[in-house]
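Student:
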Ligand code: WT7
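Residue numbers (this note's numbering): 282 to 915.
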């Protein structure tokens, strides 16, 4: 296994090397792996079409690199430690060889059920080991997994299944989430009803409740595995064959199917994992994300397992049975690296210090955060109370599209600064541009964050829509990948992410398109139109604030009831994560004479800032603004 960067001068040296000759640099990183055939060309690219190809001509299987490549040295080592929702249920440890057997067996199950290389497989499951097994089995046979976070509604799941034309859905009967038992299978049933492409549904038993099994379509996971061989030869994949699709929100209502490919993603997810977290053999690493998001793909499953790590997977939530659950897990399994989101830190901080103070957690060496900017107060609380002042914090900036971490301290190597993601990883060339696309050079500048050179883990296309791929990421600033984030580079050259500059809001570290929420609100029979903006929220980072214009309401209208039913509607159409925190029913929206909603004004009102609306000369009806302000203060 390649050496890790160990010192600041080592980082500077490696960074320079990677910038002067990126191809040589990444070729060296790729040498850690087992390629059935070495590539003909390390990188072929242009951001104009755009076309990005890494390790072209190379042939490999990513699971062969997790298992066969490492099995003789790690067969008895824990690959996954699974901690269930309830502390009263036993945890489960799967060694590399046990996990390998389960993956091979389930690969055979998929093959026996007609899944072929290139087919899409939708996975809608709680955080149980079978979720990781299912995804790795897909990768092993060359099927493309599309994991949908099991908090999305049946409508949202159906949209994603239809877009990917998935042949099969893998799910569970139900799920445990804190004190609650959640239905899963019936959500899948409602979704699959609308999806002609789905021929088979495989159901893993988790909660044991009664579920409706459709004859000829639905099969139990455990029955299918009965007596199935543990021998399975991995499929040979091209480096640029798709590994997975993961849907994410954008500025239009339709979610985007971000496509990641095999070779580059493998090299990048493991390189970044080892270096950012400074993982040492034998460490126990715990990322609290859900595998349904990119963080779980790259830093619970692929990055750690490709690095021979022990990855802890947790089914439950941080606040049940009490707000000490994470700290209990850290002590129980002697966790060395812990990776979570600012929203979880703020939620636990709000519960007081008593839970964390009781725990010494001497095993902890590194703390990580991801998903949204971390405010200084939360950073210090994390550092002082969780890390007891002795663990470096890695504030890792990246995106679903980037496949892995791009800007972050390397733990214990790059000096940190609260709420700064600090410096780019080797191979990453960030640039800051102004609104016109002019590069702002030097330090002490602020603008739009772009990346000017490809890296192996970057997305290659949006599933079925390469034109949209170009338009979303490569058309705003010519020749650059545009991240959608605002950023500041301070006097020390350190990067601080300022948040989205597009119509995307970041709710509890989850990306939500305002248009997507507006469309869901507009489905309500009484709503004529709506506008959704983000506003500062103590726990979630940003909350969702909706302004809705309703038809024919008189003074006696039950606004509370309407608001409630709008929220239920959004729940059903997208899922609880998109439910607005506040809804204001108004008689109109502030618009320009050309009919454009002035969101800038709504954002200010939503954040309780009623001064300086800037230039309002193009406003069609200034009275509307007064009305909205008055009502928002009620
Ligand atoms: C957006 C990407 C990357 C996995 C989780 C979210 C924001 C992410 C940070 C950070 C400030 C961050 C950005 C980015 N973001 N990490 N450390 N500091 N902002 O993935 O859903 O694709 O969202 O999350 O705005 O663009 P995602």
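Beta carbons: idealized from backbone N, C-alpha and C, even for Gly.
(1) May I ask whether a heavy atom of the ligand WT7 can be found less than 7 angstroms away from the beta carbon of residue 680?
(2) Should residue 897 go down as buried or exposed, given a rule of 16 or more other Cβ atoms within 10 Å for buried?
(3) So, under 8 angstroms CB-CB, residue 434 and residue 853 are touching, yes? Tell me the CB distance rounded to an integer number of Å.
(4) If distances are taken between C-alpha atoms only, which option among 549, 808, 814, 818 comes closest to residue 833?
(5) With DSSP as the reference, please indicate the residues paired to residue 594 in a beta bridge.
(6) Taking C-alpha atoms, which residue in 626, 576, 584 lies nearest to residue 600?
(7) Which runs of the alpha helix (DSSP H) spanning at least 4 residues fall entirely within the region 625-693, listed in chain order?
(8) With respect to the alpha helix (DSSP H) encompassing residue 469, which residues constitute its N-terminal and C-terminal limits?
(9) State the CB to CB distance for the pair residue 557 and residue 651, rounded to an integer number of angstroms; the pair is presumed to be in contact (CB under 8 angstroms).
(10) Report the start-end ranges of each beta strand (DSSP E) in the region 304-365 that is 3 residues or longer and not cut off at the edges.
(11) By the DSSP assignment, the alpha helix (DSSP H) with residue 291 in it spans what residues?
(12) Decide yes or no for the touch test of the region 630-641 against the region 653-672: beta carbon pairs closer than 8 angstroms, at least 3 of them.
(13) Thinking C-beta only, is residue 521 closer than 8 angstroms to residue 923?
(14) Which residue's Cα is closest to the Cα of residue 866: 835, 892, 566, 302?
(15) Cβ of residue 787 within 7 angstroms of any heavy atom in the ligand WT7?
(16) Quick one: what's residue 812 bridged to in DSSP?
(17) Just reading off the beta strand (DSSP E) that residue 586 is part of, what are its end residues?
(18) Tell me the residue span of the beta strand (DSSP E) that contains residue 556.
(19) Write down the C-beta distance between residue 340 and residue 518 rounded to the nearest angstrom, noting that I regard them as a contact closer than 8 angstroms.
(20) Please confirm if the region 561-570 is in contact with the region 617-632, defined as three or more CB-CB distances below 8 angstroms between the two stretches.
(21) Ends of the beta strand (DSSP E) at residue 711?
(22) DSSP on residue 419, reduced to helix/strand/coil?
(23) So is the beta-carbon of residue 653 under 7 angstroms away from any non-hydrogen atom of the ligand WT7?
(24) Report, in whole angstroms, the separation of the C-beta atoms of residue 687 and residue 706, which I expect to be a contact under 8 angstroms.
(25) If you run the structure through DSSP and keep just helix, strand and coil, what is residue 397?
(26) Going by alpha carbons, who is nearest to residue 715 out of 757, 749, 736?
(27) Looking at the strands, I want to know which residues DSSP matches up with residue 729.
(28) Check whether the Cβ atoms of residue 492 and residue 450 sit closer than 8 angstroms, and answer yes or no.
(29) Out of 511, 753, 413, state which residue places its alpha-carbon closest to the alpha-carbon of residue 389.
(30) When you compare only the Cα positions, how much space is there between residue 685 and residue 540?
(31) To the nearest angstrom, how far is it from the Cα of residue 856 to the Cα of residue 482?
(32) Could you tell me which of 501, 416, 406, 893 sits nearest to residue 464, measuring between CA atoms?
(33) Less than 7 angstroms separating the Cβ of residue 702 from some heavy atom of the ligand WT7?
(34) Quick one, which of 816, 736, 777 has its alpha-carbon nearest residue 327's?
(35) Out of 524, 587, 530, 543, which has the shortest C-alpha to C-alpha gap to residue 554?
(36) Would you check whether the ligand WT7 has a heavy atom nearer than 7 angstroms to the C-beta of residue 790?
Tutor: Let's see:
(1) To locate residue 680, count along the chain shown from 1; it is residue 399. Yes, the Cβ of residue 680 comes within 7 angstroms of a heavy atom of the ligand WT7.
(2) Reading the chain shown from its first residue, position 616 is the one you call residue 897. Classification for residue 897: exposed.
(3) Sequence index remark: in the chain shown, residue 434 carries index 153 (1-based). Sequence index remark: in the chain shown, residue 853 carries index 572 (1-based). Yes, they are in contact, since the Cβ atoms of residue 434 and residue 853 sit about 5 angstroms apart, within 8 angstroms.
(4) If you number the chain shown from 1, residue 833 lands on position 552. The shortest C-alpha separation from residue 833 is found at 808.
(5) As a working note, residue 594 is residue 313 in the chain shown. Under DSSP, residue 594 takes part in a beta bridge, and its partners are 363.
(6) The residue labelled residue 600 in the question sits at position 319 within the chain shown. Looking at 626, 576, 584, the one whose alpha-carbon comes closest to that of residue 600 is 626.
(7) Correct list: 635-638, 657-662.
(8) Translated into positions along the chain shown, residue 469 becomes position 188. DSSP places residue 469 in the uninterrupted alpha helix (DSSP H) bounded by 466-473.
(9) As a position in the chain shown, residue 557 is number 276, starting the count at 1. As a position in the chain shown, residue 651 is number 370, starting the count at 1. About 10 angstroms; that fails the 8 angstroms criterion.
(10) The qualifying runs are 322-327, 332-337, 359-364.
(11) For the purposes of this step, residue 291 is identified with residue 10 of the chain shown, where counting begins at 1. For residue 291, the enclosing alpha helix (DSSP H) stretches over residues 289-301.
(12) By the Cβ rule, the region 630-641 counts as touching the region 653-672, because three or more pairs are nearer than 8 angstroms.
(13) In the structure as shown, the chain begins at 282 and stops at 915. Residue 923 is therefore absent and cannot be evaluated.
(14) What you label residue 866 is simply residue 585 of the chain shown in a count that begins at 1. Cα-wise, what sits closest to residue 866 is 835.
(15) Position 506 of the chain shown, counting from 1, holds the residue named residue 787. True, at least one ligand heavy atom lies under 7 angstroms from that Cβ.
(16) By one-based count along the chain shown, residue 812 stands at place 531. 828, per the DSSP bridge assignment.
(17) Reading the chain shown from its first residue, position 305 is the one you call residue 586. Here residue 586 belongs to no beta strand (DSSP E); instead the alpha helix (DSSP H) covers 584-587.
(18) In the chain shown, counting from the first residue as 1, residue 556 sits at position 275. Segment 543-558 is the alpha helix (DSSP H) holding residue 556; no beta strand (DSSP E) there.
(19) Position 59 of the chain shown, counted from the first residue, corresponds to residue 340. Position 237 of the chain shown, counted from the first residue, corresponds to residue 518. 7 angstroms between Cβ atoms; contact.
(20) Because the criterion of three Cβ pairs below 8 angstroms is met, the region 561-570 and the region 617-632 touch.
(21) What you label residue 711 is simply residue 430 of the chain shown in a count that begins at 1. Per DSSP, the unbroken beta strand (DSSP E) holding residue 711 starts and ends at 711-714.
(22) Numbered from its first residue, the chain shown carries residue 419 at position 138. Assignment of residue 419 by DSSP, reduced to helix, strand and coil, places it in the helix class.
(23) Position 372 of the chain shown, counting from 1, holds the residue named residue 653. In this structure, residue 653 has its beta carbon less than 7 angstroms from a heavy atom of the ligand WT7.
(24) Position 406 of the chain shown, counted from the start, is the residue given in the question as residue 687. Position 425 of the chain shown, counted from the start, is the residue given in the question as residue 706. That belief holds up - the Cβ atoms of residue 687 and residue 706 are roughly 6 angstroms apart, short of 8 angstroms.
(25) Your numbering for residue 397 matches position 116 in the chain shown. It is coil, neither helix nor strand.
(26) Position 434 of the chain shown, counted from the first residue, corresponds to residue 715. Relative to the Cα of residue 715, the nearest Cα in the group 757, 749, 736 belongs to 757.
(27) Here residue 729 corresponds to residue number 448 of the chain shown, with the count starting at 1. Here residue 729 is bridged, per DSSP, to 714, 767.
(28) In the chain shown, residue 492 corresponds to position 211, counting from 1. In the chain shown, residue 450 corresponds to position 169, counting from 1. Against a cut-off of 8 angstroms, the Cβ pair of residue 450 and residue 492 comes out as no contact.
(29) Counted from its first residue, the chain shown places residue 389 at position 108. Here the closest residue by C-alpha is 511.
(30) For the purposes of this step, residue 685 is taken as the residue at position 404 of the chain shown. For the purposes of this step, residue 540 is taken as the residue at position 259 of the chain shown. Between residue 685 and residue 540, the C-alpha separation is close to 13 angstroms.
(31) The residue given as residue 856 occupies position 575 in the chain shown. The residue given as residue 482 occupies position 201 in the chain shown. Distance from the CA atom of residue 856 to the CA atom of residue 482, rounded to whole angstroms, is 22 angstroms.
(32) For the purposes of this step, residue 464 is taken as residue 183 along the chain shown, with counting starting at 1. Residue 464 has its Cα closest to that of 406, out of 501, 416, 406, 893.
(33) For the purposes of this step, residue 702 is taken as the residue at position 421 of the chain shown. Yes, since a heavy atom of the ligand WT7 falls inside the 7 angstroms radius drawn around the Cβ of residue 702.
(34) The residue you call residue 327 lines up with position 46 of the chain shown. The option with the nearest alpha carbon to residue 327 is 736.
(35) Residue mapping note: residue 554 aligns to position 273 of the chain shown, counting from 1. Checking every option, the nearest Cα to that of residue 554 belongs to 587.
(36) Indexing the chain shown from 1 puts residue 790 at position 509. Residue 790: yes, Cβ under 7 angstroms from the ligand WT7.
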